[in-house]
Structure formats: structure tokens, C-alpha cells
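Enquirer: Here the sequence shown is numbered in numbering that gives the first Met the number 0, starting from 0 and rising by one per residue.
Beta carbons are placed, not taken as given, at the ideal position from N, Cα and C, and that holds for glycine.
This is the structure I want to talk about, given as C-alpha cells.
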Amino acid sequence: MHTVAQVLVGVVAALHTYFLVLEMFLWQRPPGRALSGFDADTARLTAPLAANQGLYNGFLAAGLVWGLVTDALDTQVFFLICVIVAGVYGAATANRRILVAQALPGALALGAALLAA
Numbered sequence: 000m001h002t003v004a005q006v007l008v009g010v011v012a013a014l015h016t017y018f019l020v021l022e023m024f025l026w027q028r029p030p031g032r033a034l035s036g037f038d039a040d041t042a043r044l045t046a047p048l049a050a051n052q053g054l055y056n057g058f059l060a061a062g063l064v065w066g067l068v069t070d071a072l073d074t075q076v077f078f079l080i081c082v083i084v085a086g087v088y089g090a091a092t093a094n095r096r097i098l099v100a101q102a103l104p105g106a107l108a109l110g111a112a113l114l115a116a
């Protein structure tokens with residue numbers, strides 16, 4: 000079960016790395032605009048906000064990787080809870096898809112990590 004948990008935590012870290020790239024570097028390009036549904040002008044105007052979100056996603060990914068490298072359950076649990084809270088908040092305030100894309104993978108990884116402990 001430990002291996003399954005580590006793989007799931009790694010998947011969540013990879014997802015947040017992808018979110019970082021999408022929001023910080025691709026927001027005004029087709030992948031970012033497809034995600035947001037924004038036209039070119041709106042994407043340009045919201046790019047600083049998206050970059051800020053991307054930076055925070057990078058911190059989440061870094062914390063999860065740190066937890067994996069050190070094999071520290073408490074670090075993994077902390078950052079997975081942060082992922083879940085951010086996903087629930089994002090779903091409530093921005094787009095319900097965030098619940099499935101962010102909170103659900105975080106919750107699955109958290110459950111697996113706690114079961115493996």
C-alpha cells in the first residue's frame with residue numbers, strides 16, 4: 000500500500016506541476032485559453048492572476064515532492080490537505096471542475112497515504 004500511496008502523491012505533485020506550467024507560461028496560448036475559455040484579451044488581462052495561481056501550485060508540488068523524497072508522512076498529509084482545501088475552495092468560487100481535477104486526486108492520495116501508515 001505504501002507504493003500505491005507514493006505513486007498517488009507523485010501524481011498529485013505532477014498535476015500541480017502541470018497547473019504551474021499552464022497558468023504561468025501557457026495562459027495566453029491555446030492550452031491555457033482552452034482551460035479558461037477566455038478570449039485573447041481576457042487571457043492577457045488575467046495572465047498576472049493566473050501566474051500567481053501557478054506559483055502557488057508550484058509550492059504545493061514542491062511540498063509534495065519534498066514529502067516523497069524525505070518519506071515524511073506528516074509533510075505529505077499537510078500538503079495534500081492544502082491541495083484538497085484549495086480544490087474545494089476553487090470549486091466553490093471559480094469552477095466545479097476543480098473539485099474533480101484537484102480535490103479528488105488529493106483526497107485519494109491522502110486516503111492512501113493514511114491507510115499505508
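Please report the straight-line C-alpha distance between SER35 and VAL6, rounded to a whole angstrom.
Expert: Approximately 28 Å between the Cα atoms of the pair.
Enquirer: Consult DSSP for ASN94 and reduce its assignment to one of helix, strand or coil.
Expert: Three-state DSSP puts ASN94 in coil, outside helix and strand.
Enquirer: I need the straight-line Cα distance from ILE20 to ASP70, nearest angstrom please.
Expert: The question names Ile, but residue 20 is Val in the sequence shown. C-alpha separation (whole angstroms): 26 Å.
Enquirer: Which class does ARG43 belong to by DSSP, given the choice of helix, strand or coil?
Expert: In the structure shown, ARG43 sits in a helix (DSSP, three-state: H, G or I).
Enquirer: Run the CB neighbour count on ASN56, radius 10 Å, all protein chains shown included, and call it buried at 16 or more, exposed below.
Expert: Per the 10 Å Cβ criterion, buried.
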